[in-house]
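Enquirer: Can you keep this structure in mind? I'll have questions shortly.
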Amino acid sequence: MAALSTAQRASILESTASVNGWEGSIRSGKTIASLIRWAEYVTAAPDGHLAIMGWTLTTIQRNVLDPLINLDPRIVRHTRGSNIAWVMDREVQLVGFSDKRSEAVIRGLTLAGAYIDEATLMPEQTFVQLLGRLSVDGAKLFWTTNPDSQSHWLRRRYLTRLNALPDWRVFHFTMADNPALSAEYVASKRREFTGLWYRRFILGEWVSAEGAIYDSWDPDRHVIPWEDTPPLRRLLGVGLDYGTTNPSSAVLLGLTEDGTLVLVDEWRHDPAVSQHRLTDAQVSAQLRDWLATDHLPYPSDLQPEWLFVDPAAASLKVQLHQDGERRVTDADNQVHYGIRTVASLLALGALTVTDRCQGVIDEAPSYAWDPKATEKGEDKPLKIADHSLDAARYAITTTETFWRPWVDDWRQRQEAPDADPADEHLAA
C-alpha cells in the first residue's frame, strides 16, 4: 500500500469524536483511512456489540471486509454470506439497510461502535435509531459517503450544523488526497463522469440534480447509420420496457470487436400512435417475430442471447414463457446506477446507437431530472418519454459483467500515450 497522504493521516489521528465521517469524491482515499481507523478502534472499543452497516451484505463484503483483508488478512475472519464477522478478534454484526427491517435489527442492540458504508443510502430513521443505540460509554460511530443532494437529510440535518455538534468530526476528501492515484488515472476519471455525477464524484460537491441527465449526448458523435454497424462479438441481449397505456420498447445491445457497445436495433409499440393497445399475447407475438428478424446489415450467425424484462412486468414474462421464449430473465433495475453507467459510456464514446433505435434517439435529448423530486432532496428522472431509454439501460446494466472487461481494455488503448499503431487503428 502506498504511503498515506497528509489528509488521510490527519483524519485517522483526529477522528476521536462520538461521530466521525469521511465524505468527498470517489477514489479519494477516504475509505481506506476510515477503515484503518475502524480497525484501530475495534481493538480498543469498550465491551458491547459492534456493527458494520451497508446497503447489502454483498456491498459490505466488497466495500469494507475485502479492503480490510487486503490491508492484512489477519484483520478479518468471515464466511461469505454470514451476517457475523470477526474483526481484530471482535465479533461484529453485519447489517444491510436496503431491507426495511434493518431498523428493527439494530433496535435491539446496545452498541459500543458502528461503521457505515455509504451513509447517504441509509434511511434517515435508521440513522437516528443507530445514534440512539450507541449508548455504551465511549461508543463511537464511523461513516463514509460520496456526496448527494444539497437537500439530503445527512447534509441538511447534520453537516450544515457541525458548529453546533461538538461531538461530530467530518473530513472532506478529493482525489488529490489519494497518493495511490496516477495523473493518468485521475484524468481518465474526469473524462468518465459528466454533469451531476462529475460534480459529486469528481469535485466532491453536495449538489442537487437538475437539467439534462445525458448531458454529453451528441447525435453527431453517438448516432451511426445502421448500415455502418461495426463487426460484433456478441449480441448480448435485449432490454424490454413494457407498457399498456404507455409505449413498449425493446432495444438490442451488441458488443463490438473493438470492445465498445452499440445499440443495434429497436422494436417499439406506442398506443398513442397506433391508436390501439396490445394484449400480453400480442406483445409476445410481435416481440418474438422481431427477435427472429435480421438485426445486422451483414451476414452473421449472432442471435440475441438474453431478453431482460422489467421485473414489474410479471404477466408479460408469464406469457413469453408460455409462448416458448426461454431467454427471459429479470432486468437489473438499479435506476441511479444504470443512469450513471450509461452516462459514463456516452461520455467516453464507448456507446453508439444506430439510426434504427429511433426511440432512444428521440428520448435522449429531453431526458431530465424531475425538479419536484429535487425539491424533496431526491434524484429522480422525469417519467416522461423514457421507455426506450429504460429498455437500453436494462440491457446495458444487466450485461455489465460480460462487457466491462472489453470496454475497460478499449479505454486503456485510447488513453495509452504510447499506443501501438495497430491499437490506434482499431480505435479509429
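Residue numbers (this note's numbering): 1 to 428. Beta carbons: idealized from backbone N, C-alpha and C, even for Gly. All figures in this text were calculated on a predicted structure; none of them were measured in a lab.
When the Cα atoms are used, what is the spatial distance from Leu346 to Leu50?
Expert: 43 Å
Enquirer: Straight-line CA distance for Tyr242 to Gly211?
Expert: 26 Å
Enquirer: Within its chain, find whatever has a CB closer than 7 Å to the CB of Asp137; leave out the 5 residues flanking it on each side and keep chain order.
Expert: Pro46
Enquirer: Along the beta strand (DSSP E) that carries Ile339, what are the first and last residues, could you check?
Expert: Counting along the chain, Ile339 falls outside any beta strand (DSSP E), though it belongs to the alpha helix (DSSP H) covering 335 to 348.
Enquirer: For Gly132, which of Ser98, Ser18, Trp206 has the nearest alpha-carbon?
Expert: Ranking Ser98, Ser18, Trp206 by Cα distance to Gly132 puts Ser18 first.
Enquirer: What distance in whole Å lies between the Cβ atoms of Phe142 and Ser5, which are believed to be in contact at a cut-off of 8 Å?
Expert: That belief does not hold up - the Cβ atoms of Ser5 and Phe142 are roughly 18 Å apart, past 8 Å.
Enquirer: For the 8 Å Cβ check, are there 3 or more pairs between the stretch 173 to 187 and the stretch 56 to 76?
Expert: By the Cβ rule, the stretch 173 to 187 does not count as touching the stretch 56 to 76, because fewer than three pairs are nearer than 8 Å.
Enquirer: Determine, using beta carbons only, whether Glu266 and Ser248 come nearer to each other than 9 Å.
Expert: no
Enquirer: Kindly confirm or deny that the stretch 366 to 376 and the stretch 272 to 287 touch, where touching means at least three C-beta pairs closer than 8 Å.
Expert: no
Enquirer: Kindly indicate which three-state DSSP category Gln282 falls into: helix, strand or coil?
Expert: helix
Enquirer: Whose C-beta lies closer than 6 Å to the C-beta of Ala359 among residues of the same chain, with five residues either side of it excluded?
Expert: Correcting the residue identity first, residue 359 is Gly in this sequence and not Ala. Within the same chain, Ser249, Glu266, Arg268, Ser388 come within 6 Å of Gly359 by CB-CB distance, once the 5 residues on both sides are set aside.
Enquirer: Thinking C-alpha only, which one of Ala343, Glu378, Val353 is nearest Tyr367?
Expert: Ala343
Enquirer: So, is Arg200 buried or exposed, given that buried needs 16 or more other C-beta atoms within 10 angstroms?
Expert: buried
Enquirer: Specify whether the stretch 321 to 330 and the stretch 210 to 224 touch according to this definition: at least 3 beta carbon pairs, one from each stretch, less than 8 Å apart.
Expert: no
Enquirer: Would you say the stretch 226 to 237 touches the stretch 168 to 182, given that touching needs at least three Cβ pairs under 8 Å?
Expert: no
Enquirer: To the nearest angstrom, how far is the alpha carbon of Ser208 from that of Glu23?
Expert: 16 Å
Enquirer: Can you give me the C-alpha to C-alpha distance between Glu227 and Arg101, rounded to a whole angstrom?
Expert: 52 Å
Enquirer: Output needed for Gln412: all residues of its chain with C-beta closer than 7 Å, excluding positions within five of it in sequence on either side, in chain order.
Expert: Exclusion of the five residues before and after Gln412 leaves no residue of its chain whose Cβ lies closer than 7 Å to its Cβ.
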